[in-house]
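Asker: Residue numbers (the working numbering), protein chains in the order written: chain A, 116 to 230; chain B, 301 to 415.
All C-beta atoms in this analysis are idealised placements derived from N, C-alpha and C, irrespective of residue type, glycine included.
Note that this is a predicted model, so its numbers are computed, not measured.
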Amino acid sequence: EDKVVQSPLSLVVHEGDTVTLNCSYEVTNFRSLLWYKQEKKAPTFLFMLTSSGIEKKSGRLSSILDKKELFSILNITATQTGDSAIYLCAVEKGWDQGGSEKLVFGKGTKLTVNP
Amino acid sequence: SQTIHQWPATLVQPVGSPLSLECTVEGTSNPNLYWYRQAAGRGLQLLFYSVGIGQISSEVPQNLSASRPQDRQFILSSKKLLLSDSGFYLCAWSTSWTVGANVLTFGAGSRLTVL
Chain A
116 EDKVVQSPLS LVVHEGDTVT LNCSYEVTNF RSLLWYKQEK KAPTFLFMLT
166 SSGIEKKSGR LSSILDKKEL FSILNITATQ TGDSAIYLCA VEKGWDQGGS
216 EKLVFGKGTK LTVNP
Chain B
301 SQTIHQWPAT LVQPVGSPLS LECTVEGTSN PNLYWYRQAA GRGLQLLFYS
351 VGIGQISSEV PQNLSASRPQ DRQFILSSKK LLLSDSGFYL CAWSTSWTVG
401 ANVLTFGAGS RLTVL
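#1: Rounding to the nearest angstrom, what Cα-Cα distance links E170 of chain A and P230 of chain A in this structure?
#2: I want to verify the contact list: residues of chain A whose CB lies under 8 Å from the CB of G407 of chain B, in sequence order.
#3: Quick one: list the residues of chain A neighbouring Y389 of chain B, beta-carbon separation under 9 Å, in chain order.
#4: Measure the alpha-carbon distance for F162 of chain A versus V119 of chain A and round it to whole angstroms.
#5: Which same chain residues, not among the five before or five after V414 of chain B, have their C-beta less than 7 Å away from its C-beta?
#6: In chain order, which beta strand (DSSP E) runs of at least 3 residues are fully inside the segment 138-195 of chain A?
#7: Closest Cβ-Cβ distance between L403 of chain B and chain A: below 7 Å?
#8: Which of the three DSSP states, helix, strand or coil, is assigned to L383 of chain B?
#9: Give me the Cβ distance between L412 of chain B and Y334 of chain B, rounded to the nearest whole Å; I'm assuming they're in contact under 8 Å.
#10: Whole angstroms is fine: what's the gap from R368 of chain B's alpha carbon to L226 of chain A's?
#11: Going along chain B in order, which residues have a C-beta closer than 9 Å to the C-beta of L226 of chain A?
#12: By the three-class DSSP mapping on this structure, what secondary structure does G197 of chain A have?
#13: What number of angstroms, rounded off, separates the C-alpha of A200 of chain A from the C-alpha of T224 of chain A?
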């Protein structure tokens, strides 16, 4: 059975702290790994990772993928209250015959940044 | 630009009543369309996806059904709601099944409470 496991499930930090969110997976026919941020309603796309060891960066957020150990991390430096959200990890699963089938989501990490 | 509309935003329904959630996408043609459910403390569970008009794939057997009467319209229905149907329902679309390109864009969601 395909699994995407995120840890921790929740995290409370103070503004200025650096946080690391984890995502491990066991998915057949791995294609890519995606990170989403969900504040109140619709999740919004952050990163898509397809290759091991190549860091993707956007401002204070960065992410990297390890396809050998089957995990990814999302780092947020100098956290702000606006970073408070649920961060979702999803793995794109492919068909045996090729092509993309669907995304398998983890339960998410709820991050709370206090002033 | 592409936009996705989903309604109603919230609804409270008694057990045994019918359900209809609607989702439409603008600014693109032949999108892949998805219905996800997010229950409290759980990740996003894929319910249905569609690659074209009248083409519906079901991920989880349940008392819900989906239909795609038009290219950019996706409807989630139930004839008789159960308590366990309560949750946050998200519609999403993507443009391609190619490898590493299945980045979903989500609607604002519909929060369903079944009493």
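Answerer: Concretely, from the data shown:
#1: 29 Å
#2: A157
#3: Simply none; closest approach about 11 Å.
#4: 16 Å
#5: Q313, V315, L381, L382, L383, D385 and S386
#6: 145-153, 159-164, 171-173, 176-181 and 186-191
#7: The sequence given here has Val at residue 403 of chain B, not Leu. Closer than 7 Å: yes.
#8: helix
#9: Wrong, their Cβ atoms sit about 17 Å apart, outside the cutoff.
#10: 36 Å
#11: Correct list: empty, because the minimum Cβ distance to chain B is about 15 Å.
#12: helix
#13: 8 Å
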